[in-house]
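Residue numbers (full-length UniProt numbering): 1 to 279.
This is the structure in structure tokens:
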């Protein structure tokens with residue numbers, strides 16, 4: 001009971017913080033009132049309040065590419081006057097999703113590329129992924145070890161056995177699990193303390209293992225933000241860029257897979273088998 005109360009308190013506090021941060025926006029310079037009133041039906045209406053209501057309604061987690069593009073355009077415009085606020089808001093939202101294992105981090109990775117560029121966005125996404133996953137690890141260690149074992153007994157026992165079989169090369173095993181996720185990343189984050197994976201190995205495997213995935217998402221966001229039409233996407237320059245992104249992302253996975261064939265014990269670690277045994 002104490003663990004449920006503690007976890008609930010952490011979730012409520014984090015949710016309240018994110019709500020306050022996204023609700024009380026810093027002031028933004030508005031266009032001249034006479035120019036804005038030219039496109040309004042009522043020249044006496046409160047234009048500034050209308051801007052604030054519209055901005056607050058757009059600050060939400062995107063659920064599809066259309067919402068992502070609208071949020072990206074809004075934050076890019078807002079970032080010109082308040083870059084610190086946009087960075088704080090993005091980091092807070094990203095850590096919130098990662099810490100509580102909420103799906104949808106791929107949209108935020110794409111948003112990172114659109115807002116901060118390909119390389120700054122990549123380092124930001126990798127750092128936030130690592131910090132957020134570590135927060136999930138610590139929350140699970142503090143509040144959820146017993147519940148995770150009870151809810152996912154088959155998955156936990158399978159992962160425990162593979163960790164023990166590969167304890168001599170545990171780091172490469174964790175990298176393999178990140179490059180080729182036979183179980184979801186959110187489950188690895190929550191179950192790592194349950195199966196006694198050291199925090200140092202966990203942190204390194206998250207930062208390195210998810211870098212190709214983050215790289216693809218961030219590069220996609222950076223490229224989409226620069227497109228003015230679909231014709232730009234099929235230009236030779238863009239096609240070569242996509243090919244280079246694919247090669248860079250696939251190379252680490254190929255090396256890890258080659259190493260795993262001779263050094264790792266992976267027999268029985270199949271997604272369908274794990275799922276079937278956990279039912």
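All C-beta atoms, glycine included, are put in the ideal place defined by N, C-alpha and C.
Since I believe residue j is in contact with residue i (beta carbons under 8 Å), could you give me their beta-carbon distance rounded to a whole number of angstroms?
i           : j           : result
residue 160 : residue 136 : So it is not a contact: roughly 18 Å between Cβ atoms.
residue 106 : residue 217 : 5 Å
residue 205 : residue 175 : 5 Å
Just to confirm, are residue i and residue j a CB contact at a threshold of 7 Å?
i           : j           : result
residue 194 : residue 148 : yes
residue 222 : residue 118 : yes
residue 178 : residue 128 : no
residue 281 : residue 110 : Since the displayed the chain opens at 1 and closes at 279, residue 281 lies outside it and no answer follows.
residue 215 : residue 89  : no
residue 75  : residue 94  : no
Taking only the alpha-carbon atoms, compute the straight-line gap between residue i and residue j and give it to the nearest angstrom.
i           : j           : result
residue 11  : residue 100 : 8 Å
residue 26  : residue 78  : 10 Å
residue 18  : residue 60  : 11 Å
residue 190 : residue 6   : 16 Å
residue 63  : residue 207 : 25 Å
residue 203 : residue 172 : 13 Å
residue 169 : residue 104 : 31 Å
residue 67  : residue 73  : 10 Å
residue 165 : residue 126 : 29 Å
residue 185 : residue 113 : 21 Å
residue 183 : residue 81  : 42 Å
residue 24  : residue 167 : 49 Å
residue 158 : residue 65  : 36 Å
residue 187 : residue 83  : 34 Å
residue 162 : residue 87  : 39 Å
When the cut-off is 7 Å and only beta carbons count, does residue i lie next to chain E?
i           : result
residue 165 : No chain E appears in the structure shown, which is made up of a single protein chain.
Identify which residue in the options has its Cα closest to the Cα of residue i.
i           : options           : result
residue 70  : 80, 94, 88, 115   : 115
residue 192 : 128, 109, 3, 142  : 142
residue 20  : 85, 66, 63        : 85
residue 134 : 198, 121, 76      : 198
residue 8   : 186, 81, 120, 144 : 144
residue 13  : 3, 83, 96, 187    : 96
residue 3   : 146, 132, 120     : 146
Excluding sequence positions up to five away, which residues of its chain have a Cβ less than 8 Å from the Cβ of residue i?
i           : result
residue 44  : Annotation note: pLDDT 48 at residue 44 (below 50); position unreliable, no value reported.
residue 151 : none
residue 92  : 17, 18, 21
Between residue i and the ligand ATP, is there a pair consisting of the residue's CB and a ligand heavy atom that are separated by less than 6 Å?
i           : result
residue 142 : Looking for the ligand ATP in the displayed structure turns up nothing, as the structure carries no ligands at all.
Among residues of its own chain, excluding the 5 on either side of residue i, which ones have a beta-carbon nearer than 7 Å to its beta-carbon?
i           : result
residue 138 : none
residue 124 : 112, 116
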